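The opening residue of the sequence shown carries number 33 in my numbering; numbering runs sequentially from there.
For glycine and all other residues, C-beta sits at the position ideal for the given N, C-alpha and C.
The structure displayed is predicted, hence computed values, not measured ones.
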Amino acid sequence: MKEKILAYTTILLIFSLFFGILLWVNFTIVPHLPDGESFLVPWIGARSFLVEQTNPYTLDAARETQIAIYGHPAGDGEYPYRLDIPFYILSFYFPFGLIENYDLARALWMSFAEIALFVVGFLSIYLSEWKTSRTNKIIYFLALFISFYGLYPLIEGSGAIFSALTLLLILVATRNGWDSFLGLLLAFGVLRWQIGGLLFLLVIFWLVKSRKWRVFGILTMSLTALIGTSFVLVPKWFTPFASSIVANARGAQGFLFSEIIQIWNPANSILIANIIKWILLLILFLEWRAARDRDFQQFFWVASLSLAITPFLNIHITPIFYSILFFPLALVFKIAEDRWSRQAKWGIPLVAISILFSWGLFNRASHGLQLLTFLLPLLLFIALYWLRWWYISPPRTWVDEISRNYK
């Protein structure tokens, strides 16, 4: 018993030391980073409720945020930065809202976000069942933390990392049959429809097909309790919250797929984008139907496809939501290594290192941010379909069978 207590105490001390160092490093670098509007908005909202004891969804709270970002209230054509997350999710920002020093609050948030990002990488490897070398895992995690797609959400203070973690936990709970946990997670699962909406709908579709009615019962009870508590604490929060969603949607932060097409074909960009959107939705509909009575292997492939397709549906999208894409990336690496083990020894590190240096495109290329918004999802879509047969179907020939068994 004493040995267990000593072991747990040692682990706690090591974690506390590690977290303290992480917090100190983040607090040192935060003043040199951009403002981090994605964290600033809910932080001001949390302080409005906790310190000023006002409704965080009002226009007055929004003006305070706009002045902090622009130096003046937002005018026509400027993004309004209204608080557009439900009150029960805003409550997760309350501990940070109690901290008056914004840099310290943001550094603490970044520290938790970095831990969450590590768990995102771990769960991505776990769900994809990618059994690879230690070198490949190290390179994968370096890409996760240092590449544009992993570091950009951290710099922006985005809550999308925690949304990605929630979505991956939903997949874990779905596969393992943790109905009670799944019902609770679903209440937090669609904070941002821009990247996780299709995946959320796929899970709902899978649960209906599997007749998991207990999950929906727990989800209903969870939402009733969470929303009911929100109304007790802030009786008039919902109407201005809904107005904030509409106002931010009109502000249209992010990029449309038609805008990237417009670079090469200005005249027909909207038409081409809409044609591609409906083709992709048809493909997705067929893949969802095909996955209805299959195992979780195909379910995870379709989940990855849903994530990769989302940016091409001509909705406003920004790379701050892209930490979730490291799950389909891990799945692609796993399939490729199963299929071509020798080539994968150098191919996977090469691809991961290329992603690691995505900052070069951001800094040097014209329209770099727009290109990066659609480049990784496009590559994932191509790779998922290229490897589809090998992953969800039996080997086609005896050569494939030998290759799979004696790689």
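What residues in its chain sit with their C-beta under 7 Å from that of residue i, if we drop five residues either side in the sequence?
i	result
glutamate 96	Ile76
tryptophan 141	Phe71, Phe128 and Gly189
threonine 42	none
threonine 206	Leu214, Val235 and Trp238
proline 343	Phe289, Ile349, Thr405, Phe406 and Pro409
tyrosine 40	none
asparagine 297	Ile304
leucine 258	Tyr120 and Ala219
phenylalanine 126	Ala78 and Leu82
leucine 183	Phe177
isoleucine 295	His399
Rank the options by C-alpha distance to the C-alpha of residue i and give the top, closest one.
i	options	result
glutamate 110	Asp116, Pro118 and Ile99	Ile99
asparagine 87	His104, Gly107 and Arg114	Arg114
threonine 252	Leu218, Gly229 and Trp310	Leu218
isoleucine 22	Ser290, Gly107 and Pro105	As shown, the chain starts at 33 and ends at 439. That puts residue 22 outside it, with no answer to give.
asparagine 168	Ala257, Gly379 and Arg243	Gly379
leucine 230	Ala257, Phe126, Ser336 and Leu255	Ser336
leucine 388	Pro112, Ile171 and Asp135	Ile171
alanine 362	Leu345, Ile341, Phe332 and Arg374	Phe332
leucine 91	Phe317, Arg396, Asn280 and Leu345	Asn280
proline 118	Gln402, Tyr158, Arg374 and Phe263	Phe263
tryptophan 225	Thr164, Leu345 and Asp67	Leu345
aspartate 135	Lys163, Ser254, Glu319 and Val57	Val57
Might you give, ordered along the chain, the residues of its own chain that have their beta carbon closer than 6 Å to the beta carbon of residue i, omitting 5 neighbours on each side?
i	result
arginine 321	none
isoleucine 250	Ser212 and Gly215
isoleucine 193	Ala145, Ala148, Leu149, Pro185 and Ser355
isoleucine 293	Ser301, Ile304 and Ala305
threonine 429	Below a pLDDT of 50, predicted positions are generally treated as unreliable, and threonine 429, at 49, falls in that range; the measurement from the model is reported next regardless. Here the set comprises nothing.
phenylalanine 328	Arg207
leucine 201	Leu217
phenylalanine 273	Tyr89
arginine 25	Only positions 33 to 439 of the chain appear in the structure, and residue 25 is not among them; the question remains open.
Taking C-beta to C-beta, are residue i and residue j nearer than 7 Å?
i	j	result
alanine 415	valine 334	no
serine 143	leucine 44	no
leucine 339	isoleucine 315	no
leucine 410	glycine 400	no
tyrosine 417	tryptophan 269	no
proline 74	leucine 122	yes
alanine 384	alanine 175	yes
arginine 138	valine 83	no
aspartate 116	isoleucine 347	no
threonine 271	proline 351	no
proline 360	leucine 412	yes
serine 80	alanine 93	yes
leucine 440	isoleucine 187	As displayed, the chain neither begins before 33 nor continues past 439, which places residue 440 out of reach and without an answer.
threonine 101	glutamate 69	Residue identity check: residue 101 is isoleucine in the sequence provided, not threonine. Yes, the pair counts as a contact, with Cβ atoms nearer than the cut-off.
isoleucine 227	phenylalanine 353	yes
glycine 221	threonine 198	yes
serine 156	phenylalanine 358	yes
isoleucine 424	glutamine 330	yes
glycine 153	phenylalanine 173	yes
Is the Cβ of residue i closer than 7 Å to any Cβ of chain C?
i	result
isoleucine 61	Within the model displayed, chain C is absent; a lone protein chain is all it includes.
I'd like to confirm the pairing. Which residues does DSSP put opposite residue i in its beta bridges?
i	result
phenylalanine 287	Ile349
Leaving out five residues before and five after residue i in sequence, what residues of the same chain have Cβ atoms less than 8 Å from its Cβ?
i	result
valine 431	Any reading at valine 431 needs caution, since the residue's pLDDT is 47, under 50, leaving its predicted position unreliable; the model's value is listed next. The answer is none, since no qualifying residue turns up.
tryptophan 422	Ile367, Asp370, Arg371 and Asp432
histidine 104	Gln98
tyrosine 438	Bear in mind that the predicted position of tyrosine 438 carries a pLDDT of just 46, short of 50, making it too unreliable to give a figure here.
**Study point:** alpha helix (DSSP H) runs wholly inside the region 52-127, at least 4 long, in chain order
**Key:** For the region 52-127, whole alpha helix (DSSP H) runs of length 4 or above, ordered along the chain, are 69-82, 91-102 and 119-122.
Check your understanding: Curious, which full-length alpha helix (DSSP H) runs of at least 4 residues does the region 220-278 contain?
Key -> Runs of the alpha helix (DSSP H) inside the region 220-278: 225-241 and 245-265.
Point to revise | alpha helix (DSSP H) runs contained entirely in the region 316-349, provided each spans 4 or more residues | key: Taking 4 residues as the minimum length, the alpha helix (DSSP H) runs contained wholly in the region 316-349 are 328-341, in order along the chain.
**Study point:** Complete alpha helix (DSSP H) runs within the region 133-160 (minimum length 4 residues, chain order)
**Key:** Counting whole runs of 4 or more residues, the region 133-160 contains the alpha helix (DSSP H) stretches 134-160.
**Study point:** Complete beta strand (DSSP E) runs within the region 364-398 (minimum length 3 residues, chain order)
**Key:** Runs of the beta strand (DSSP E) lying entirely within the region 364-398, each at least 3 residues long, are absent.
Exercise for review: Write down every uninterrupted run of the alpha helix (DSSP H) in the region 166-215 whose length is 4 residues or greater and which is fully enclosed by it, in chain order.
Suggested key: Within the region 166-215, the complete alpha helix (DSSP H) runs of at least 4 residues are 166-178, 180-188 and 192-208.
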